[in-house]
């Protein structure tokens, strides 16, 4: 009931649900409400929404919160709808809504927001103090209305909130559905006009809509992004989406089983829009959602004749108003998604639709903002979009283009959805139960790990059957280590070769572009090809080789100059397979190794420049040159003594520090000519980090130690490359860490065998 | 007679020059030692003893300069002996292969003794 008081005492004004029923988005809600504060006065907030993520209720909740504060801030919410056909009509509707909401706020009467009122009605309802300025506004509007200058009229209407006398309040305008504003007919581009008007009006505002559209409008309006705030709105998290499903079930009186809740969350990709729409349909049809069959039956109903169908049909109709063109578009979209030709040229698309270039541009622009395609101006990449979109296209294609019997299409669509449901859930549960491979790879970030974690044969030999605590403790003492690269991009291998979709889940076969030691140079560039191999037992040789071949072929086809194969299998690899993989230079791990790796990577992030941790850490900064490395060496000597290192070990550490400082001085081209040294005492080790700013040549650090392009000038130059060799020999662990500017050398000396 | 080349001490015993390395053998001090050794070789010395009794720390640039000195001595037909090298420095020399090229004596006297045994007596006309 609108305008009623909830249990929390917050009146519902525009919100569809009470505040406590509004799921997720609490941070976003706070941020939108904050935009109304004095702090943000005059600034715009662009709310960039992922398609179907749902934004309207967020803005309505923000409206209610501000309305109920009853402060000098006057909230104005306006949603563009498909009912308005021209920019002028939408602008007039905005003026009407503005006045209605202003008067409701001034009179503290939420009910007024929901009445159908004319401007004359509003004038009569205006509080006495406001009567004069509102009358003037209405009169000015009447004059402007007959001026035949559409742009001026649109600007007048949109600018109306600025006319509120300062002493009566400060407007805070929230505009919802900006993508619809761009689709209105007429000579005025409303989206751009909105941004023009509000950007210059010194009025705080929120413009919410599809992310690609909003950004495009902002660029078109030549807005100064310095004066704008951006807030991205993506799909709900799985937990939030599940909570939404639960609440909708209660609110809409729809019985939902636990299994159905999980399925709906996954099937709709956590989209608040689709989930809400689906429950509205369930309520109307009085359908319980207990089994997968209940869910999919309703889904297919909605897909072929309900809200989901209407939603996509409206979108397609806006893009392609004529029936013939729409059908041609459905054919193009479905055949591209279903087939291998995911990428096509603009011209190829235009020819298939038999339309002019400008018409094609308009259609592609629309498809692009809804993220059904990615269009860069020339090439068109057909994206998957939500599952419901693919199902919609497929059913339309079969019904309208292949003229298949409706009963057959319905039956097969239902069967397909039912068959897909367990796979959808299996994929989800696999992800929940375990690591997400993509996230794990992204954590690499030049971290050093025990090599055994990437070698199942070795791991199995040493740790199979051992207790977890024992293994974890053993990992801590591992001295044979491997420095992981810095991964800069991870993508599904299917994006490189669509055939791989047939043999592996997209999330389980990945291509990770990386740089060894985090040095951005050709010689350090490496592509990790990672695949999770399905096998209930240890992977046999044939399967291991098959995957190696697949990934090697992918590397060749894609032109990767250097690649590293890493196969992962739940139960590991049999002895022969392990030998084969080792011979081929591949890494191979079982699930337990991945768990350990995940634990290590998560718990030991790559050190960044950070303040000193505690009393066991020391930071020394010395200028380069003038034998200042001796100062560092003397400091580290004092620190090493605290851990009772043997004199020989102390000398080794000193020499390594000296060498590291020399390296930093000689190679870094440092702008500040300073060497930063961090000494950290741990219970069983001393960790020394030497860093400097500046660009570092590629032959420093890492295993690929030689720069092929530069030969040593003479023998003594050659001999000068000994520093790193020495450091590696003197210290137990040496690793170069990536920093954007310069380099950081981290050296560790363990106390074991070193103490007296 | 003992001479100094800036801070490098040296003296001659017969045709053998004894050059004393400083506490920190780096580029600067290494080049000074090199210059002194060249000067001694140019003056007719037939052997070099480089004494490390004061040396606590050696860096890789210092080592590379020592290798240069060994090369120069070899070209001049002169032998090089290191003396009084502490354990840490000895380990470093081992690691970088210097000890394969030169003899290492416990102290200056031992170095001189070894060289006198090896060196043929001067020719008297």
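Chains as they are written, first to last, in the numbering used here: chain A, 1 to 756; chain B, 1 to 125. Glycine included, every Cβ here is placed at the ideal spot set by N, Cα and C.
Residue i versus chain A: which residues are under 9 Å apart at the beta carbon?
i             : result
residue 101/B : Residues of chain A passing the Cβ test: none, with the nearest at roughly 12 Å.
In chain order, what residues of the same chain lie with their CB nearer than 7 Å to the CB of residue i, ignoring the 5 residues before and after it?
i             : result
residue 70/B  : 80, 101 and 102
residue 135/A : 123
residue 114/B : 81, 103 and 105
residue 155/A : 193 and 197
residue 685/A : 748, 749, 750 and 751
residue 152/A : 144
residue 336/A : 342, 344 and 382
Anything in chain B within Cβ reach of residue i, meaning under 9 Å, just list it in chain order.
i             : result
residue 630/A : 24, 26 and 57
residue 726/A : 59, 60, 63, 92, 95 and 96
residue 662/A : 26, 27, 59, 60 and 61
residue 723/A : 59, 60 and 61
Excluding the 5 residues flanking residue i on each side, which residues of the same chain have their C-beta closer than 6 Å to its C-beta?
i             : result
residue 591/A : 570
residue 236/A : 24, 270 and 272
residue 413/A : 300 and 395
residue 691/A : 676 and 744
residue 97/A  : 78
residue 375/A : 364 and 368
residue 326/A : 316 and 320
residue 349/A : 380
residue 352/A : 332
residue 728/A : 734
residue 302/A : 281 and 308
residue 116/B : none
Please work out which residues of its chain come closer than 8 Å, Cβ to Cβ, to residue i, disregarding the five sequence neighbours upstream and downstream, and give them in chain order.
i             : result
residue 44/A  : 195, 198, 199, 204, 205, 206, 207, 223, 227, 228 and 229
residue 109/B : none
residue 641/A : 650
residue 112/B : 13, 16, 18 and 49
residue 421/A : 263, 267, 292, 295 and 296
residue 44/B  : 15
residue 409/A : 304, 395, 398 and 399
residue 178/A : 80, 191, 194, 207, 208, 209, 210, 213, 214 and 217
From the DSSP output, read off the bridge partner residues of residue i.
i             : result
residue 209/A : 48/A
residue 573/A : 539/A
residue 530/A : 510/A and 566/A
residue 450/A : 481/A
residue 229/A : 45/A
residue 381/A : 343/A and 374/A
residue 687/A : 680/A and 748/A
residue 103/B : 81/B
So residue i contacts chain A; which residues on that side make the cut at Cβ distance below 8 Å?
i             : result
residue 106/B : None at all; the shortest Cβ gap to chain A is about 19 Å.
Name, please, each residue of chain A whose Cβ falls closer than 7 Å to the Cβ of residue i.
i            : result
residue 87/B : 648
Starting from residue i, find everything on chain B with Cβ-Cβ shorter than 8 Å and list it in chain order.
i             : result
residue 633/A : 57
residue 733/A : Near residue 733/A there are no residues of chain B at all, since even the closest Cβ is about 18 Å away, more than 8 Å.
residue 474/A : Correct list: empty, because the minimum Cβ distance to chain B is about 30 Å.
residue 659/A : 59 and 60
residue 729/A : 95
List the residues of chain B whose Cβ lies closer than 7 Å to the Cβ of residue i, in chain order.
i             : result
residue 757/A : In the structure displayed, chain A extends from 1 to 756; residue 757/A sits before or after that span and is not available.
residue 625/A : Simply none; closest approach about 10 Å.
Within 8 Å, do at least three Cβ pairs link the region 614-631 of chain A to the region 653-664 of chain A? Judged by pairs of C-beta atoms under 8 Å, the region 653-664 of chain A touches the region 614-631 of chain A, as three or more such pairs exist.
Proximal residues, the region 643-655 of chain A versus chain B, C-beta separation under 7 Å: 648, 651, 654 and 655
Is it the case that the region 237-247 of chain A contacts the region 259-269 of chain A, given that we only count it when at least three CB pairs across the two stretches are under 8 Å? yes
Relative to chain A, which residues along the region 63-77 of chain B have a C-beta separation below 9 Å, given in chain order? Result list: 63, 64, 65, 67, 68 and 71.
With a cut-off of 8 Å, do at least 3 Cβ pairs link the region 214-221 of chain A to the region 243-257 of chain A? no
Any contact between the region 444-457 of chain A and the region 571-581 of chain A? By contact I mean 3 or more CB pairs, one from each, below 8 Å. yes
Taking 8 Å as the cut-off, does the region 486-497 of chain A touch the region 12-25 of chain B (at least 3 CB pairs, one atom from each stretch)? no
With 9 Å as the C-beta to C-beta threshold (strictly closer), list the residues of the region 548-576 of chain A near chain B in chain order. none
Does the pairing of the region 558-577 of chain A with the region 523-537 of chain A give three or more beta-carbon distances under 8 Å? yes
Is it true that the region 161-180 of chain A meets the region 60-72 of chain A, where meeting means three or more beta-carbon pairs spaced less than 8 Å apart? Enough Cβ pairs lie closer than 8 Å, so yes.
Assess contact between the region 50-63 of chain B and the region 18-32 of chain B, defined as three or more Cβ pairs (one per stretch) separated by less than 8 Å. Is contact present? yes
Quick check: the region 433-448 of chain A against the region 510-518 of chain A, are at least 3 beta-carbon pairs closer than 8 Å? yes
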